[in-house]
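Numbering of the sequence shown is given in this note's numbering, commencing with residue 211 and proceeding in unit increments.
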Amino acid sequence: MSKTPVLAVEPRAMIPVAGTDHLFPVRRIYCIGRNYAAHAREMGADPTREPPFFFQKAADTVQVCPTGERVPHVYPPMTANYHFEAEMVVALKSGGRDISESDALNHVFGYAVGLDMTRRDLQDEAKALRRPWEVGKSADHSAPVGLLHPVTDVGHPARGSITLRVNDVVKQDADLSAMIWSVSEQIAILSRYFELKAGDLIFSGTPEGVGAVTKGDHLHVAIDTLGAIDLVVV
Ligand code: MN
């Protein structure tokens, strides 16, 4: 006798692929911490001596952000210091363990503009009390992502501007080439800790200039060749 689920759960998050009718199903969300030197310094860390470290956000924190729309983004509960972190998102079409740096980019499906939204007060408290980061990093809807651009269209962006504006004021303005650990290094190192699989996303870190949002703020995040996303905090 075949077994059936006792209840229905939400389907996994799907990110639209730019210029197609295709959807990219999300398996896991990995994030790298402090991957731009100037941001590491603004967070009180020394960027030169730290090996990379990673954390996860729950896969259902993805908020799909279609191009050209101002997407309402719900200010989450239990925080008074909710921060934006503009990031390039890497989407994997395949994975494995102990992937070599030279092979790493062969596993990438494409790239997108993203935000690693963070309840900074809860993250800071977790750091101080040596507790896990989930309450700071994995709030509902805390991973807005724009359309996914396949490698076949955009290649592997290693340079180009990454910018974030709040109410048309530039807050983050850096270049992808300022990453401490490249995308291929991130994939290689992460695959020593976890078996990476198709559908995994990697948020590749944020540059300097992070800050808080309040209700009514308009966030505009753009990366050269990957377009932009627009959100309004509600
Ligand atoms: Mn981040």
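Even for Gly, the Cβ is constructed at its ideal location relative to N, Cα and C.
Next on the checklist: Can you tell me where the beta strand (DSSP E) holding residue 430 begins and where it ends?
Outcome noted: To locate residue 430, count along the sequence shown from 1; it is residue 220. 428-433 is the extent of the beta strand (DSSP E) around residue 430.
Next on the checklist: If contacts are defined as beta-carbon pairs under 8 Å, then residue 426 and residue 361 qualify, I think. What distance do you get, rounded to the angstrom?
Outcome noted: Locating residue 426 in the sequence shown gives position 216, counting from the first residue. Locating residue 361 in the sequence shown gives position 151, counting from the first residue. Rounded, the Cβ-Cβ distance is 37 Å, inconsistent with contact.
Next on the checklist: When you compare the CB of residue 439 with every CB in chain D, is at least one pair closer than 7 Å?
Outcome noted: Any reference to chain D falls outside this structure, which holds one protein chain only.
Item to check | Rounded separation between residue 400 and residue 264 - CA only | outcome: The residue labelled residue 400 in the question sits at position 190 within the sequence shown. The residue labelled residue 264 in the question sits at position 54 within the sequence shown. One alpha carbon belongs to residue 400, the other to residue 264, and they sit about 8 Å apart.
Item to check | Ranges of the beta strand (DSSP E) found wholly within the segment 394-432, counting only runs of at least 3 | outcome: If we require 3 residues or more, the beta strand (DSSP E) runs fully inside the segment 394-432 come out as 411-413.
Checklist entry - Sorry if obvious, but does the Cβ on residue 270 come closer than 6 Å to a heavy atom of the ligand MN? => result What you label residue 270 is simply residue 60 of the sequence shown in a count that begins at 1. Checking every heavy atom of the ligand MN against the Cβ of residue 270, none is found closer than 6 Å.
Checklist entry - Closer than 6 Å: is that where the CB of residue 373 sits relative to any heavy atom of the ligand MN? => result Within the sequence shown, numbered from 1, the residue matching residue 373 stands at position 163. Distances from the CB of residue 373 to the heavy atoms of the ligand MN are all 6 Å or more.
Item to check | Backbone CA spacing between residue 213 and residue 256 [nearest angstrom] | outcome: On the sequence shown, position 3 is the one that residue 213 refers to. On the sequence shown, position 46 is the one that residue 256 refers to. Going by the C-alpha atoms only, they are around 53 Å apart.
Next on the checklist: Let me make sure I understand the geometry here. Which of 287, 359 and 349 has the alpha-carbon closest to that of residue 233?
Outcome noted: Walking along the sequence shown from the start, residue 233 turns up at place 23. Nearest of 287, 359 and 349 to residue 233, Cα basis: 359.
Checklist entry - If residue 272 sits next to residue 242, beta carbons under 8 Å apart, how far is it from one beta carbon to the other, in whole angstroms? => result Position 62 of the sequence shown holds residue 272. Position 32 of the sequence shown holds residue 242. Rounded to whole angstroms, the Cβ separation of residue 272 and residue 242 is 17 Å, and the two are not in contact under 8 Å.
Next on the checklist: Using the three-state DSSP reduction, which class does residue 330 fall into: helix, strand or coil?
Outcome noted: Against the sequence shown, residue 330 aligns to sequence position 120. The answer is helix: DSSP assigns residue 330 an H, G or I state.
Next on the checklist: Please classify residue 389 as buried or exposed, where buried requires at least 16 neighbouring CB atoms within 10 angstroms.
Outcome noted: Against the sequence shown, residue 389 aligns to sequence position 179. Around the C-beta of residue 389, 16 or more other C-beta atoms lie within 10 Å, and the residue is accordingly described as buried.
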